[in-house]
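Numbering (our numbering), first residue to last: 565 to 924.
In what follows, a single structure is set out as structure tokens and then discussed.
In structure tokens form, the structure reads like this:
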């Protein structure tokens with residue numbers, strides 16, 4: 565029998581304590597009135613979850629467009645929690661660490677998973693360098709790449725960590741390879757109630773893959789642009805057409821290639837900035853964006869934008885020219901620098917706005 569959104573699992577623990585439905589309401593009120601900013605956000609969400617409505621409103625991050633408020637059915641969030649629980653074989657009494665903000669869907673869903681699956685969840689301040697008890701044994705956690713970068717040396721007691729929200733850089737992937745935890749990259753968005761697919765990352769505990777696999781009850785197809793179409797009836801009423809170009813391997817597996825709206829056509833050659841960025845991470849430590857600008861002969865020419873570089877443009881050109889695995893089409897024709905990239909409220913790079921601000 566599928567759990568209902570208005571029932572709290574009897575094994576659920578919040579910061580070390582069991583609470584009934586009504587007791588949790590009191591805790592939420594207390595957090596809103598007396599808590600720190602991040603605790604107030606958690607209290608606000610818990611009050612929304614525990615009221616009589618069968619839906620909540622959630623803000624999108626705004627990383628690929630203008631932030632907006634969307635309406636999600638609470639029961640869809642329950643189905644998402646169950647799918648994640650089944651994928652990772654989470655059981656009542658397992659311990660979870662939540663270091664994500666409750667303003668956005670990822671942080672909200674950590675709490676929903678705990679309430680529905682009966683997890684014991686510890687919530688800590690959602691900073692870029694989260695502080696938690698490094699000695700406690702945790703079964704499950706979720707982090708953005710920037711958080712994981714700062715704490716990966718202290719995650720040996722976290723069994724499984726899902727990572728999403730922004731690109732995982734090559735240097736971080738190399739550090740993950742040396743870790744004894746199990747890591748998965750997530751694919752999803754607010755509209756799909758967080759992730760609908762997961763990709764294993766190489767560590768000492770498991771082999772990595774470049775293939776995303778669907779969660780239970782999720783099916784994939786493609787549209788005429790080769791973009792991913794998501795059919796997840798338990799999560800969304802209609803099929804969701806994305807702008808993500810993929811190589812579809814089956815109805816439940818795909819390889820992500822890049823964003824349709826980022827594809828560059830340079831002299832008739834189709835270039836995926838995200839794939840070029842993966843290669844350039846080997847020689848650039850700073851944050852950067854691969855983009856394009858109009859060109860009389862090529863139509864579009866490839867350019868590179870680097871945030872607050874420590875070295876000269878000529879130095880970067882030399883490194884890039886000596887980088888193996890980069891085709892001649894993937895070598896930037898121009899390199900620009902900027903003091904700081906534009907970001908969303910939760911720290912994601914606003915790619916288009918940043919590009920426009922530099923290239924004008």
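Glycine included, each C-beta is placed from N, C-alpha and C at the ideal position.
On a predicted model such as this, the values are computed, not experimentally measured, just so you know.
DSSP places residue 573 in the coil class of the three-state scheme, outside both helix and strand. Under the three-state reduction of DSSP output, residue 671 falls in the helix class.
Here the alpha carbon of residue 567 sits roughly 45 Å from the alpha carbon of residue 843. Its chain contains 740, 741, 742, 743, 744, 745, 746 and 747 as the residues whose beta carbon lies nearer than 8 Å to that of residue 767, once the 5 sequence neighbours on both sides are disregarded; these appear in chain order. At a Cβ-Cβ threshold of 7 Å, residue 724 and residue 704 count as neighbours. The shortest C-alpha to C-alpha distance from residue 660 to any of 793, 669, 667 and 676 is the one to 676. Under the three-state reduction of DSSP output, residue 679 falls in the helix class. Here residue 872 carries a coil assignment [DSSP, helix/strand/coil].
When C-beta atoms of the region 748–758 are compared with those of the region 638–651, three or more pairs fall below 8 Å, so the two segments count as touching.
Taking 7 Å as the cut-off, the Cβ atoms of residue 919 and residue 855 count as close. For residue 736, the number of other beta carbons within 10 angstroms of its own is at least 16, and it is reported as buried. Of all C-beta pairs linking the region 761–778 to the region 593–612, fewer than three are shorter than 8 Å, placing the two stretches out of contact.
Following the DSSP letters along the chain, one finds residue 753 inside the beta strand (DSSP E) bounded by residues 746–753. About 16 Å separates the Cβ atoms of residue 826 and residue 811, ruling out a contact at the 8 Å cut-off.
Cα atoms of residue 720 and residue 859: separation of roughly 50 Å, rounded to the nearest angstrom.
Here residue 686 is bridged, per DSSP, to 661. Put simply, the backbone Cα of residue 588 is about 17 Å away from that of residue 638. In terms of Cβ geometry, residue 818 and residue 784 form a close pair [threshold 7 Å]. Between residue 682 and residue 574 a beta carbon distance of about 7 Å is seen, short of the 8 Å cut, so the two are scored as contacting. Within the same chain, and ignoring the five residues on either side of residue 773 in sequence, the residues whose Cβ sits closer than 7 Å to its Cβ are 763 and 764.
In the DSSP secondary-structure assignment, residue 581 is bridged to 578. Classified as buried, residue 664 has 16 or more neighbouring CB atoms from the shown chains inside 10 Å of its CB. Within the DSSP secondary-structure output, residue 817 pairs in a beta bridge with 777 and 814. With fewer than 16 other Cβ atoms inside 10 Å of its own Cβ, residue 863 counts as exposed.
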